[in-house]
Amino acid sequence: PLLWLCHNFRAVAYSLYCNNFDLNLSSLSFDYGGLHLLRGRRSAANYRKLNYLGYSTHHLAKDITVFLDERSVYSGEALEVISRAPYDGCPFPLTRKIAFIFVKDTTGRMYEDVWNDPSKAEANIDAFVNRIKQMAPLVGEITVQPAEHVDMPSIARQYFGNLTSRLYQLAYRVVYRRVMHTTGPVWLQLDIICNLIHVSYASDSSINSTYQFIQLARENASTLQSLEFKCEHYLDVLSLVQDAAGNHVAYPCLLTLTLWTEFLSEEPRPLAFHEGVPFPILQRLRINLGCQFDDDTFFRGNAATLEHLSMRLDSVSASMLREYQVFVLGSHPKLQVVRFSYTDDFGSELFASSAEALQFMYNIGPYAAVREYSQAYTPANLEFDFTPLGSHACIQVLSLPNLCPDIWQVIALIKSLPLLSDLHTSIPSLGPMPDDVTLDSLPGHIVSNYAPIGRRFRCWHLKSGYVTNFTELTTCMLLLALVCPNFDYVVPPSFQRRLFMEILEKDINSDRFMPYAPRLRRLLFNGWDGKQG
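1 is the number of the first residue of the sequence shown in full-length UniProt numbering; add one for each residue after it.
Quick look at the structure:
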């Protein structure tokens with residue numbers, strides 16, 4: 001009975017931790033990171049499965065990563081590896097996600113021997129895909145990460161495209177990662193992949209691959225719930241919502257849209273869309289485009305459903321939001337998270353003042369609990385007026401990473417926002433000192449003149465900046481802890497945390513803070529060594 005109990009306890013324990021399983025079906029020898037369940041020389045001949053005290057955990061795996069080279073699939077070697085492994089029937093009954101990582105063939109083997117019998121290569125592909133389907137019948141998400149192929153023959157590209165298409169038919173979520181450059185198209189027969197609910201694509205500067213992804217997204221527009229797209233050209237974004245003939249493309253089920261670009265070689269230019277409502281029930285929108293868009297396509301028709309907004313603003317898009325009155329006060333009742341990144345368009349100003357910028361942000365989501373504001377090019381003399389914040393009592397997390405506040409502004413901010421628990425700013429300062437108050441008498445002045453804030457303030461994150469005056473910084477934190485006794489901890493810049501904590505402890509034990517040391521030590525013990533989340 002004791003052995004039976006231990007065995008079942010081990011099974012339960014492993015069910016909590018055995019989430020990932022690495023499977024090597026490549027005939028190559030290579031190294032990879034992550035969870036190493038395959039030991040020794042990582043090749044087909046030396047395949048080993050994980051055993052812990054005689055207990056195999058592969059049937060508990062929820063995610064599988066399969067390493068292989070495409071030639072092994074075409075030749076049937078990958079299927080032979082599976083057949084030699086001690087897997088019968090359905091060895092991965094709990095698996096929901098499979099990632100296929102293709103490794104570059106560095107053995108110098110030629111492809112010609114694989115193509116002597118094309119029908120056999122096709123049969124090997126079908127047999128491989130069918131065996132994967134048998135091994136993990138409940139898989140719902142497929143990730144394909146191609147390797148770099150140098151001078152791959154056109155017939156090899158064709159078979160790789162066939163293999164990719166057939167793998168995607170196993171799932172309803174598609175993630176296609178292009179981390180290396182390839183020559184020629186590798187996505188073929190995409191018209192047979194339908195009813196997808198998730199597609200993700202990071203462009204590799206290949207016009208053919210990008211076009212085929214856009215075609216895949218449009219073909220599945222009626223069922224897609226999540227779409228992630230990194231494109232290289234501003235027209236790629238336009239192609240998602242209208243076809244070559246200019247017809248409107250709608251995504252009636254889309255809940256999450258993520259678009260981002262780099263545009264390292266292009267000048268920002270206005271991007272005009274079309275009339276229509278392409279995203280009627282969108283809930284999460286993340287836009288980080290290098291181009292400027294000057295109409296409200298992304299926001300049209302989804303004011304009642306939008307919950308999460310992350311967006312990079314420039315002068316064109318900011319003017320568009322005002323012109324189209326996208327965010328009228330109270331128009332987005334479900335908007336809970338607002339994150340903005342501002343750019344100055346190489347000198348042009350978005351707003352007449354910082355107060356106008358803040359007011360614009362807070363009008364967008366008056367009931368949002370999380371707000372983040374960052375400005376990529378912050379003028380040295382930028383000052384923030386916190387007056388507009390008083391009417392936004394629901395804010396719980398506020399991020400102003402380029403703001404360098406003084407301690408008096410922070411105290412006023414915490415008092416005016418009764419639910420604020422997390423604040424993200426740059427390095428603070430002491431600011432103007434009250435008359436007849438010195439550094440030594442400052443703690444007593446705070447205790448005598450400021451009523452304690454009884455609620456909990458969780459954390460102050462210092463997101464940017466370099467600490468040059470640790471004494472001033474630790475003084476700010478300790479003064480805030482006196483005003484807010486339930487201030488849990490501070491997170492300084494990561495590369496200066498240890499030195500900061502040492503100086504903080506020294507200041508707590510100094511003469512000026514010694515009378516309040518018992519209530520200040522929580523900053524030491526709640527702090528930076530693992531509890532800040």
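The C-beta atom is built at its ideal place from N, Cα and C for all residues, glycine as well.
What are the boundary residues of the alpha helix (DSSP H) that includes residue 80? 77-84
Using a 10 Å radius around the Cβ and a threshold of 16 neighbouring Cβ atoms, would you call residue 477 buried or exposed? Buried is the call here.
Under the assumption that residue 400 contacts residue 425 (Cβ atoms under 8 angstroms), give the Cβ distance between them as a whole number of angstroms. 5 angstroms
Do residue 429 and residue 397 have their beta-carbon atoms positioned less than 8 angstroms apart in this structure? No; because the gap between Cβ atoms is not below 8 angstroms, this pair is not in contact.
Cβ neighbours of residue 90 in the same chain (closer than 7 angstroms, five flanking residues each side left out): Cβ neighbours of residue 90 beyond the five flanking positions: 134, 135 and 137.
Close beta carbons around residue 474, own chain, < 6 angstroms, minus the five adjacent residues each side: 503, 504 and 507
CA-to-CA distance, residue 132 to residue 298, given in whole angstroms: Using only the alpha carbons, I get a separation of about 39 angstroms.
Since residue 414 and residue 453 should fall inside the 8 angstroms C-beta cutoff, what is the C-beta to C-beta distance between them, to a whole number of angstroms? Indeed, because the Cβ distance is near 6 angstroms, the residues count as touching under 8 angstroms.
In angstroms with no decimal places, state the Cα-to-Cα distance between residue 463 and residue 524. 19 angstroms
Short of 6 angstroms in beta carbon distance, which residues of its chain neighbour residue 492, apart from the five on each side in sequence? Order them along the chain. Residues 462 and 500 of the same chain have their beta carbon placed closer than 6 angstroms to that of residue 492, with the five preceding and five following residues left out of the count.
With burial defined as no fewer than 16 other Cβ atoms inside 10 Å of the residue's Cβ, what is the status of residue 248: buried or exposed? exposed
Under the three-state reduction of DSSP, which class applies to residue 542: helix, strand or coil? No information on residue 542 is available, as it lies outside the stretch 1 to 533 that the chain covers here.
Can you check which of these residues, 212, 440, 170 and 411, is closest to residue 196 by C-alpha distance? Considering only 212, 440, 170 and 411, the residue with the shortest C-alpha distance to residue 196 is 170.
So, for residue 120: in the same chain, excluding its five sequence neighbours on each side, which residues have a beta-carbon less than 6 angstroms away from its beta-carbon? none
Could you name the residues that DSSP lists as bridge partners for residue 97? 63 and 141
Residue 103 versus residue 66: straight-line alpha-carbon distance, rounded: 10 angstroms
Contacting residues, own chain, Cβ-Cβ under 6 angstroms from residue 310 (five flanking each side not counted): 286 and 339
Within a Cβ cutoff of 6 angstroms, which residues of the same chain sit near residue 175, ignoring the five residues on either side of it in sequence? 143 and 200
Tell me, to the nearest whole angstrom, how far the beta carbon of residue 163 is from that of residue 125; I am working on the premise that it is less than 8 angstroms. Confirmed, Cβ separation roughly 5 angstroms.
Where does the unbroken alpha helix (DSSP H) through residue 308 begin, and where does it stop? For residue 308, there is no enclosing alpha helix (DSSP H); the residue is found in the beta strand (DSSP E) stretching over 308-313.
On the premise that residue 407 lies in contact with residue 480, defined as a C-beta separation below 8 angstroms, what is that separation, rounded to the nearest angstrom? 6 angstroms
Buried versus exposed call for residue 409 [16 or more other C-beta atoms within 10 Å across all chains shown]: buried
Among 427, 436, 485 and 488, which residue has its Cα nearest to the Cα of residue 471? 427
Can you tell me where the beta strand (DSSP E) holding residue 287 begins and where it ends? 284-288
Report all residues from its chain with a CB closer than 7 angstroms to the CB of residue 513; omit the five preceding and five following residues, and keep chain order. 443, 478, 507 and 520
Taking the alpha carbon of residue 280 as the reference point, which residue from 260, 259 and 306 has its own alpha carbon closest? 306
Exposure label - residue 368; buried when at least 16 CB within 10 Å: buried
Spatial neighbours of residue 223 in its chain, beta-carbon cut-off 7 angstroms, leaving aside the 5 residues before and after: 195, 196, 197 and 253
Apply the 10 Å Cβ neighbour rule to residue 327 and answer buried if 16 or more other Cβ atoms are within range, or exposed otherwise. buried
Please report the straight-line C-alpha distance between residue 517 and residue 405, rounded to a whole angstrom. 25 angstroms
May I have the straight-line CA-CA distance separating residue 93 from residue 165, to the nearest angstrom? 23 angstroms
Cβ-Cβ distance between residue 70 and residue 97 below 8 angstroms: No, the pair does not count as a contact, with Cβ atoms beyond the cut-off.
I need the DSSP call for residue 416, collapsed to helix, strand or coil. In the three-state DSSP reduction, residue 416 falls in the helix class (H, G or I).
Using a Cβ-based criterion (distance less than 7 angstroms to any ligand heavy atom), does residue 100 qualify as near the ligand ATP? Among the components modelled here there is no ligand, and therefore nothing to report on the ligand ATP.
Using the C-alpha atoms, what's the distance from residue 217 back to residue 76? Cα to Cα, the separation comes out at about 32 angstroms.
Does the beta-carbon distance from residue 488 to residue 459 come in below 8 angstroms? yes
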